[in-house]
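For reference, the structure discussed in these notes is given below.
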Amino acid sequence: MSPQTTPAAAPVAASRSEAAYVRISDVSKKFGDFTAVDHVSLDIRRGEIFCLLGGSGSGKTTLLRMLAGFETPTTGRIEIDGQDLSRVPPYERPVNMMFQSYALFPHMSVEKNVGFGLEQEHLGRDDIRRQVGEILEIVKMSGYGARRPHQLSGGQRQRVALARALVKRPKLLLLDEPLAALDRKLREHTQFELLNIQQRLGVTFIVVTHDQEEAMTLGTRLGVMNHGRIVQVGTPSDIYESPASRFVADFIGSVNLFEGQVLANGADGLCIKSADLGCTVRAERAGGGEQGATVWTAIRPEKIQISRTPAAPAEGAQAENRAAGTVREIAYMGDMSIYLVRLDSGSMLRVTLPNVLRGAERPIAREERVTLSWHGSSPVVLTE
Amino acid sequence: MRLSQAMGRRLIAAVPTLWLLLLFLIPFIIVFRISFSEVRLAIPPYTPLLGWHHGAPQIEVHWSAYSFLFTDPMYVSSYLYSLKVAAVSTLCCLLIGYPMAYAIARSGPATRPLLLMLIVLPFWTSFLLRVYAWIGLLKNNGVINNALLSLGVIDHPLALMQTDFAVYIGIVYSYLPFMILPLYANLEKHDLALLEAAADLGARPWRAFLSVTLPQSLPGIAAGSLLVFIPAVGEYVIPTLLGRPDQLMIGRVLSDEFFENRDWPVASAVAILILLLLIVPIMVFQRVERRQLEGLP
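Protein sequences, first through last, are from chains A and B. According to my numbering, the first sequence is numbered sequentially starting from 1. According to my numbering, the second sequence is numbered sequentially starting from 1.
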């Protein structure tokens, strides 16, 4: 997981905007007693890549299938470009989908697969051939028109599936876990190519994924789902740097979460006493939290500095945003190292440190005493 | 260790090979050889393959059985009639069986075993008994005619027995499971995401069926049709019990030649010709299956 390096943009409000291209209004879907999607409202802008991110059973796939028309919302409306699509069958929607399994027709050639959608529009044969040729060119599959799906590699199938979904120039393209079936190296490459194609064609994308890395790199905005609800909408850096809840903070990236009580809420931020952390936390940028309230402090592992504790501890050990502990585990990842530190309070803290120098002299070792500190802007105070 | 494994494998392969050799190939060779002899009043009732001519051994091959088949129009007409009955029955089985197999394949996982059970259930009763039961249904004072008469739909009993219609009913009824089961096995494996993909790309349900489901079920159609067509061509019991007395199917001709006429060479020639006729649909089937394996349409 590589954290976003872009500075946190102004939080994007999930409120209604005039620019909404796809408008999901209060949509719910029930299967018997089970509520898969629970009163979801979402606006998606023209030309953006919106990622629906959530674990399995979060309702993201059901929401996508409602957009495609395979499921009918129990309540609510779905509009695309001002047209109400809630009751329109899939074959009449200006929406195409790239399936997770790709769902390529095994008995048809690549050309036939890609041209299938155009054939349904009763276009002329020459017209179909020209458009199929163009889109295969874009996905770099020009020489493969006569092949069958089983003669292609996973990455090639993915491109054909993309071409088939794009050739009709849909108003909205739905991608169900588009990269899940690819191996790691290919994924990274394909991610950037997908972005490139999206920008070139200007089609609005909605991507469903459980992979936060995929969501962060692809999405202009993310919607995090849990138990059928959208729990937060925002740009990748909003979600990462300013999670709205413990669930989001924990789901995206890794995080250290500590319970604490608000000591004071003043102009210079929030002062929190945490028994778990064994120190006082001062959070500069924090909103709510009345005095005495129970809150959670979230600190990302890469935002914590780790340093060897001098033999004679410094005066004023009760400093703010500073804790002491012992290194229990070190995981060397190449580009960075992960330190698991047992604090003197007993809880564990995770710290990541980029390995900036080659063969650093005397790196911090296991069982060494360390001091952990962080900047006042780093802690995020969460009330739910 | 490896040696004994190879031995074991060879042993396993030997069992079906031996089976086919003893019960298929050798009888076939015997029948094939009899078809090239002439009938005579002796035991066995045909001329031997090796004869003595002027003191020298000589292989005697007679074509008379085959040429006889083409001189008497009864044989040709029986062949054509059998092919027609088998083809029409196969088509009817397909038209009835495909929707049934489709419905079973798409039914819920709880009801599916029950529906399959109902398809197989008739096999629990003797085949002969079930065909006899149709006589009770179809005859002039049978169940169907009595019901129609008492309802006032007809004044005179319909002549249902000893008609082509009765033969079709009997064959379609008896062989329908052989069409449904392979079709079901095929349809059940279909990836439903493909139908969703077709709908997503703008194909209406019927169009999606024609361009996705139907082509992918071709091997099932071929297997089911073969399982109905081949035994239907040589069917003996059903046309004998339900069919026309004036138009025999080739299976009946074969049996009559053996047991009534005791003309073994002609009977053997009839059997060999049936086999030749059936090779064509088998080859078509194998072609379809190979194409499917290669992912061709």
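Using N, Cα and C, we set each Cβ at its ideal position, and we do this for glycine too.
Shown here, A/V295 sits in a strand according to DSSP, grouped into three states. Residue state for A/Y240 is assigned as helix, using DSSP reduced to three classes. Membership of B/V85 in any beta strand (DSSP E) is not indicated; the residue belongs instead to the alpha helix (DSSP H) covering P73 to R106.
With contacts defined by Cβ atoms closer than 7 Å, B/Y102 and B/L227 do not form a contacting pair. Rounded to the nearest whole angstrom, the C-alpha separation of B/A110 and B/L18 is 42 Å. Checking the DSSP bridge columns, you'll see A/I24 partnered with A/L42 and A/I78. Residues of chain B with a Cβ closer than 8 Å to the Cβ of A/E121 are, in chain order, G202. Note: A/K29 is bridge-paired with A/V37 in the DSSP secondary-structure output.
A/M97 and A/L174 do touch by the CB rule: their CB atoms are close to 4 Å apart, below 8 Å.
Considering only B/L195, B/M249, B/I135 and B/E196, the residue with the shortest C-alpha distance to B/I169 is B/I135. Around B/E38, the same chain offers Y46, T47, H62, S64 and P265 as residues with beta carbons nearer than 7 Å, after the five sequence neighbours per side are excluded.
What B/Q216 touches in chain A, judged by beta-carbon distance under 9 Å, is F105, P106 and H107, going in chain order. Restricting attention to B/L22, B/I30, B/P44 and B/I59, the CA atom closest to the CA of B/R262 is found in B/P44. At least one C-beta of chain A is nearer than 7 Å to the C-beta of B/L194. Residue contact check for B/A223 against chain A: no CB pair falls below 7 Å. Taking all protein chains in view, the Cβ of A/V381 is crowded by 16 or more other Cβ atoms within 10 Å, so the residue is classified as buried.
In the DSSP assignment, A/E111 falls within the unbroken alpha helix (DSSP H) covering V110 to Q120. Neighbours of B/A197 across chain A, judged by C-beta separation under 7 Å: F99 and A103. Rounded to the nearest whole angstrom, the C-alpha separation of B/M7 and B/F28 is 29 Å. Legend: CB atoms of the region 69–100 of chain A lying less than 9 Å from CB atoms of chain B belong to residues G69, F70, P89, P90, Y91, E92, R93, V95, N96, M97, F99 and Q100.
With fewer than 16 other beta carbons inside 10 angstroms of its own, A/K185 counts as exposed.
With contacts defined by Cβ atoms closer than 7 Å, A/W374 and A/I252 do not form a contacting pair.
Within the DSSP bridge table, the entry for B/V270 names no partner. B/D191 reaches chain A at S101, A103 and P106, counting residues in chain order whose Cβ is nearer than 9 Å. What B/V212 touches in chain A, judged by beta-carbon distance under 7 Å, is F105, going in chain order. Membership of A/E259 in the beta strand (DSSP E) is indicated by the continuous run N256 to G266. If you check the CB distance, A/I24 and A/V37 do not come in under 7 Å. Annotation for B/W52: the continuous beta strand (DSSP E) segment containing it runs L50 to H53.
For the region 111–135 of chain A, residues whose beta-carbon sits nearer than 7 Å to a beta-carbon of chain B comprise F116, G117, Q120 and E121.
Exclusion of the five residues before and after A/V95 leaves L67, A68, G69, I80, L85, P170, K171, L172, L173 and L174 as the residues of its chain whose Cβ lies within less than 8 Å of its Cβ. With fewer than 16 other beta carbons inside 10 angstroms of its own, B/M117 counts as exposed. The bridge partners DSSP lists for B/I59 are B/L50. DSSP, read as helix, strand or coil, puts A/V380 in strand. Bridge partners of A/M98 according to DSSP: A/L175. A/T235 and A/L218 have their alpha carbons spaced roughly 11 Å apart.
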